[in-house]
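Report on the following structure.
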Ligand code: FES
Ligand code: FES
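Residue numbers (the numbering used here), protein chains in the order written: chain G, 1 to 784; chain A, 1 to 157.
Take a look at the structure:
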């Protein structure tokens, strides 16, 4: 008999009512007695020596209580999770327009704003390296520790790709480019620091995705013990990987002010400031070569990628890792070489963003695959059907796929079917040949396999912890430091606790994230929340049951045999007790039913030198399919429908899963077609600093027919069977649209650079028209 | 500008505040009245997070001057829980998982409210039109459209 489970049900979000009533407290909603309001002053140069910052005038302005600069930081001056190369307050150099040179704290926001205008600096200009190409050719080092400006390089090698390319019967070679993309969380960053009146202690509230990382930085920079830095993230208004380093820099600055003034201090960024300061999705340039046999068997794949890391290293090496190892896709190919290089520039730094280096590579690879399929006379689905991984195959990085259901073929078929891909592909290909047709239609499809958790480049460091306590009233209180950023993680955590303890869901309570109550757990990043959080919860539940069993043994004797916790009942031998009774027994013997659960991802067999092996412990499989209409007269692309099919392991909450897919498809649509920061590759400035020119898809742009498809196979490698969906839900989306637009424009790879905006589409439309006129003329000559 | 006395009806109750009429309505709500449910996402009228209802129309309160609140009837998200229509919309948002990070949610609920006041039986396209000025980065809009459609149907019963 299969017992009823909380998992797999549409349990309502625990925070939905507070959000719907407007009572949920976000960072900027915090108001405290005596609180100071802060204003950042940004660098006016993209690259310069910072000679002096003049704050005297600002200090005299009404209401100003404190102005801080880099000099005021008592400890280490730089922070960074992997590499400490970023000033929270610039000291001797500025490296991009988002560097902060001073912060004003005043009684009111208006006073802080006014005073901030009086701050100016003396700079000695340095050449601005506004693209990876400039940075690689320059002898100027942005960071002296990286004289060639290269801050990360990752490679994959399987078989002999060069030899295989020589032998290949059909070869395609392509070049693709992607752009800076903004996370565009709707809530701009806001952080509040509150000093303790008793000791050197600060409590930080606000929009923080990674509070434990920030705690380390404040400890190092402000010289206070880690235990006296307490992070209590507020409700986070979206993050998508974006509220880590920028929020951390702001937390360091306001904590400094709070400790110096002994008053609470808050900074809330305007949208312009948020876009100016925050890190972005990496622009990446790809050179790809694929070889195949005439029968369509893929034999060789080479992918070189150059990532723009911007001014700080941030997450660039691990992003390059994912671009290199996941960028080669879910294909069965014996000869692979992939190399990703991250280059420092004076652009906005680039870091974590939903997908983390793969939406770009999938865009480049899947368009190349379409080019190859066309050359082979195959349709996009025919080629993929033939070459996608199956159970027991070896992945392009060398991972033997024999540990779970490799469902990518099934996933692709379902996405394709949802938009009637095969029929439409044939029909549109035919109808687009009609030179009189001004609105062309196209369909596109793209696939991915996403590693769940950090991956082998973090081998040994990927751990989650949780503290669970069974209270005297038999409620189960859970403290976990993985942050809710809107994805529903906390509700899912509660569901997993109920499952792990075999009790009904309403016994489970969850504390707000608080670093002083929950053991350090790493960040809610890298597709790790469900799988690692779940592992830690399962471990704590095991320990709790052992403690409760101890009580049972004390009361019923050592030979009670096996005890099962199911359906809110505890059963052993002849006995069938309620969970409450069992908890009473434990407390009656003065036991402590509290446990810390720990789960670390097993170390995988990855050879970094060779670039071969098991780059991740497990994977989520995804396919997106898109249908578009392209207007040759205006360049406008209309998305007709998108379908997203995913296998994220066990589907823990179907409604949340669908929500991730709807949102992911939309984020990919924006990236593919309209989102553009207006970056200048001369000055390194970005010009689209607010939503009046950084355009996001609206309800009118997103097809009302979009379709999420869940195709879950519980993963034996995950405690509750679930892997991840947040990142997979967006990573193939831009590629599917790009493939569809290129198909509509008559050939795969027609446009090679994101976004596919009006100008780029028009350029190809004009070529099509020119070709049509040439064809018509030559037809006329033939006739004559 | 010097402060003046502003009187208005907010969430069906009379209020008088002394404030700078040149301020943004958003700041009067959040700073003078402490009503933090109305959010600021852009400050330039593009995101809709600050949407409130002013004399029956949905407006972006970051673009409305406080002076315009004089003698006006105003509804904000804080007024929705005690409002029959507002409550149903909230219920449908919660049940339909139209709320993820929730930062856009008050604005969407206010746009939905204005729509249903004016047109109790909207088509899906009319709903999409009514929320076109509200940005959401999380939900992909369909769950929101579904929730508003369901609210309209529930209220029609
Ligand atoms: S804050 Fe008013 S529309 Fe964005
Ligand atoms: S729910 Fe996050 S922006 Fe809409």
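Beta carbons are placed, not taken as given, at the ideal position from N, Cα and C, and that holds for glycine.
Alpha-carbon to alpha-carbon, residue j and residue i
i	j	result
residue 259 (chain G)	residue 202 (chain G)	7 angstroms
residue 17 (chain A)	residue 11 (chain A)	15 angstroms
residue 212 (chain G)	residue 37 (chain A)	28 angstroms
residue 568 (chain G)	residue 178 (chain G)	52 angstroms
residue 117 (chain A)	residue 68 (chain A)	22 angstroms
residue 1 (chain G)	residue 535 (chain G)	With a pLDDT of 35 at residue 1 (chain G), under the threshold of 50, the modelled position of this residue cannot be trusted; read the value that follows with caution. When rounded, the distance between both Cα atoms is 25 angstroms.
residue 134 (chain A)	residue 294 (chain G)	51 angstroms
residue 707 (chain G)	residue 419 (chain G)	9 angstroms
residue 805 (chain G)	residue 417 (chain G)	Given that chain G is displayed from residue 1 to residue 784, the structure contains no residue 805 (chain G) and the question cannot be resolved.
residue 529 (chain G)	residue 521 (chain G)	10 angstroms
residue 362 (chain G)	residue 734 (chain G)	8 angstroms
residue 458 (chain G)	residue 616 (chain G)	10 angstroms
residue 83 (chain A)	residue 120 (chain A)	15 angstroms
residue 549 (chain G)	residue 560 (chain G)	9 angstroms
residue 757 (chain G)	residue 744 (chain G)	14 angstroms
residue 5 (chain A)	residue 21 (chain G)	29 angstroms
residue 77 (chain A)	residue 746 (chain G)	49 angstroms
residue 759 (chain G)	residue 637 (chain G)	11 angstroms
residue 282 (chain G)	residue 183 (chain G)	11 angstroms
residue 409 (chain G)	residue 72 (chain G)	58 angstroms
Per-residue DSSP class, three states only, for residue i
i	result
residue 14 (chain A)	strand
residue 2 (chain G)	Caution is warranted here: a pLDDT of 45 is assigned to residue 2 (chain G), below 50, making its placement in the model unreliable, and the coordinate value is therefore given only provisionally. Here residue 2 (chain G) sits in coil by DSSP.
residue 483 (chain G)	coil
residue 323 (chain G)	helix
residue 31 (chain G)	coil
residue 303 (chain G)	strand
residue 246 (chain G)	helix
residue 66 (chain G)	strand
residue 397 (chain G)	coil
residue 714 (chain G)	coil
residue 672 (chain G)	helix
residue 62 (chain A)	coil
residue 145 (chain G)	coil
residue 562 (chain G)	coil
residue 146 (chain A)	helix
6 angstroms Cβ shell around residue i - same chain, five flanking residues per side excluded
i	result
residue 129 (chain G)	135, 138, 345 and 346
residue 461 (chain G)	none
residue 626 (chain G)	444, 642, 736, 737 and 740
residue 697 (chain G)	666, 669 and 670
residue 623 (chain G)	411, 412, 415, 447 and 645
residue 304 (chain G)	287 and 339
residue 571 (chain G)	564
residue 100 (chain A)	138 and 139
residue 514 (chain G)	232
Distance CB(residue i)-CB(residue j) smaller than 9 angstroms
i	j	result
residue 44 (chain A)	residue 367 (chain G)	no
residue 104 (chain G)	residue 41 (chain G)	yes
residue 237 (chain G)	residue 207 (chain G)	yes
residue 640 (chain G)	residue 658 (chain G)	no
residue 316 (chain G)	residue 351 (chain G)	yes
residue 335 (chain G)	residue 160 (chain G)	yes
residue 301 (chain G)	residue 285 (chain G)	no
residue 723 (chain G)	residue 604 (chain G)	no
Sequence-distant residues of the same chain with beta carbon closer than 7 angstroms to residue i, five excluded per side
i	result
residue 49 (chain A)	39, 40, 41, 103, 104 and 107
residue 81 (chain G)	213
residue 3 (chain G)	Confidence at residue 3 (chain G) is low in this model, with a pLDDT of 49, below 50, so its placement is unreliable and the value that follows should be read with caution. These residues qualify, in order along the chain: 566 and 567.
residue 132 (chain G)	306, 308, 343 and 345
residue 770 (chain G)	none
Other residues of its chain near residue i: CB distance less than 8 angstroms, five sequence neighbours each side excluded
i	result
residue 14 (chain A)	7 and 8
residue 789 (chain G)	The structure shown does not extend to residue 789 (chain G), since chain G is modelled only from 1 to 784, so the question has no answer here.
residue 127 (chain G)	47, 138 and 140
residue 499 (chain G)	5, 6, 7 and 720
Segment contact, 8 angstroms Cβ cut-off, at least three pairs: the segment 45-56 of chain G with the segment 252-268 of chain G: no
- request: Inspect the CB distances between the segment 676-691 of chain G and the segment 503-521 of chain G and report whether three or more fall short of 8 angstroms.
  value: no
task: Check whether the segment 54-73 of chain G touches the segment 112-119 of chain G, counting contact only when three or more Cβ pairs, one atom from each stretch, lie closer than 8 angstroms.
output: yes
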